[in-house]
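Some notes on the structure that comes next.
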Amino acid sequence: MKNKLEQLRQEALKQLEDLKESKSLKNQKEIWRALEIKYLGRKGQLSQILRQIKDLSTSEKKEVGAFANKVKTEIAEAFSEFENKFLSSKAGQSQVDMSLPGKRSSLGHLHPITLMQRELEELFKSLGFSILEGPELESDYYNFQALNIPEHHPARDMQDTFYVNWEDQEDENKLVLRTHTSPVQVRAMQEFGAPLKAIVPGKVFRNEALDASHEHTFYQLEGIMIDKNISISNMIAVMKELLKGIFKEEVEIRIRPGFFPFVEPGIEIDMKCRLCQGQGCPVCKQSGWLEVFPGGMIHPNVLEAGGIDSKKYSGFAFGLGLTRLAMMKHGIADIRLFNSGDLRFLEQF
Ligand SMILES: [Zn+2]
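Quick note: the sequence shown, position 242, residue 251 per the working numbering, numbers continuous.
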């Protein structure tokens with residue numbers, strides 16, 4: 010029986026020794042637990058031998074019993090030592106198995122309009138323009154009156170406006186969701202004076218009936234350049250440079266007269282339709298041309314509202330539809346996709 014005990018002792022210690030070589034902590038723990046049950050458990054091998062001691066003679070009982078206790082203590086100590094050294098010391102690490110492949114967290118990306126805006130900002134910065142912003146909830150004064158659009162002027166009908174109804178408001182302070190980025194023209198003149206070269210990208214709002222080309226919320230980019238001797242040819246040069254920057258090639262344009270109360274003269278710049286190369290298609294309504302920016306020479310009344318001497322300085326202003334430009338660049342037929350939050354659309358950019 011002593012031999013059996015000795016054999017058991019050696020076997021148990023040897024298996025523990027082998028277990029130290031195991032690489033995987035999870036397996037190590039499981040095997041350790043299984044071995045502990047196998048040797049020290051209530052129905053384990055050691056218990057089975059100990060149970061036979063009662064059948065021995067009194068002298069044998071004493072000798073074998075003492076030896077069995079020694080073996081049991083030795084194995085139990087070896088197991089608890091193994092647990093302390095190899096399992097608990099790694100317990101902190103066991104929460105994270107560094108050898109497992111990681112989970113890649115999905116990152117979002119910029120919206121196509123933001124991408125367009127950033128591209129234009131870079132372009133204008135390279136031409137020496139600063140980038141400004143203004144409030145989206147604007148006063149009636151800056152949105153209309155300072156831009157040479159007095160109350161009851163028919164030009165207000167060109168923009169379906171969201172008015173904000175607050176009682177006790179003086180007309181001048183009446184608030185509107187800005188219908189264009191142009192109010193920042195006067196704000197910028199008041200703040201920085203002349204000379205001034207700036208763009209204002211931002212969100213604007215109109216009370217539109219929604220369809221494929223009309224949205225209540227869209228993006229514009231306003232630009233102004235004020236200095237001595239600025240003429241409309243400066244504006245055309247900047248516009249051409251801009252289109253070249255966006256479409257990465259020379260873009261053919263044409264200029265038509267246009268009416269906007271805050272410029273005089275006012276012009277519309279059209280570019281040759283890139284989809285049909287000027288042959289006529291549904292997107293350009295068969296004309297071969299697409300309207301891209303309205304603009305013109307800043308009206309003297311607007312310069313004066315901004316505190317700039319209109320006899321000394323002149324300047325041009327333009328407003329371009331960031332949303333429309335993004336539609337043209339990517340061939341997007343429905344404006345409503347931009348605000349839809351539809352990932353099938355957004356993930357294409
Ligand atoms: Zn076309």
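Ideal placement from N, C-alpha and C gives every residue a C-beta, glycine not left out.
Values in this document were obtained by computation on a predicted structure and should not be read as measured data.
- In this structure, residue 190 lies away from residue 170, with their beta-carbon atoms at least 7 Å apart.
- Within the region 303 to 332, complete beta strand (DSSP E) segments of at least 3 residues are found at 323 to 330, given in chain order.
- Runs of the beta strand (DSSP E) spanning 3 or more residues and lying entirely within the region 182 to 256 occur at 184 to 186, 205 to 214 and 226 to 236, in chain order.
- No heavy atom of ligand 1 is found nearer than 6 Å to the CB of residue 311.
- Proximity of the beta carbon of residue 334 to ligand 1 is not indicated: no heavy atom of the ligand is located closer than 6 Å.
- The three-state secondary structure of residue 291, taken from DSSP, is coil.
- A check of alpha carbon separations from residue 90 across 145, 22 and 155 identifies 22 as the nearest.
- The residue from 80, 249 and 114 with its alpha-carbon nearest to that of residue 49 is 80.
- With the rule of 3 Cβ pairs closer than 8 Å, the region 154 to 166 counts as touching the region 270 to 280.
- Distances between the C-beta of residue 260 and the heavy atoms of ligand 1 are all 6 Å or more.
- Residue 292 has its CB nearer than 6 Å to a heavy atom of ligand 1.
- Using a cutoff of 6 Å, the CB of residue 284 counts as near ligand 1, since one of the ligand's heavy atoms is closer than that.
- Residue 88 and residue 94 have their alpha carbons spaced roughly 10 Å apart.
- Contact between residue 262 and residue 280 holds: CB atoms are separated by about 5 Å, below the 8 Å threshold.
- Each residue's CA atom was taken as its position, placing residue 58 and residue 112 some 50 Å apart.
- A direct Cα-Cα distance of roughly 34 Å separates residue 136 from residue 295.
- The C-alpha of residue 226 is placed about 27 Å away from the C-alpha of residue 253.
- If you check the CB distance, residue 185 and residue 149 come in under 7 Å.
- Going by DSSP, residue 121 is part of no beta strand (DSSP E) but of the alpha helix (DSSP H) stretching over 121 to 135.
- Bounds of the beta strand (DSSP E) holding residue 281 are 272 to 281.
- Judged by DSSP secondary structure, residue 346 falls outside any beta strand (DSSP E); it is assigned neither H nor E.
- For the options 72, 96, 66 and 56, the alpha carbon positioned closest to that of residue 36 is the one of 96.
- Of the candidates 126, 337, 68 and 71, the residue whose Cα lies closest to the Cα of residue 209 is 126.
- The Cβ atoms of residue 239 and residue 139 lie no closer than 7 Å to each other.
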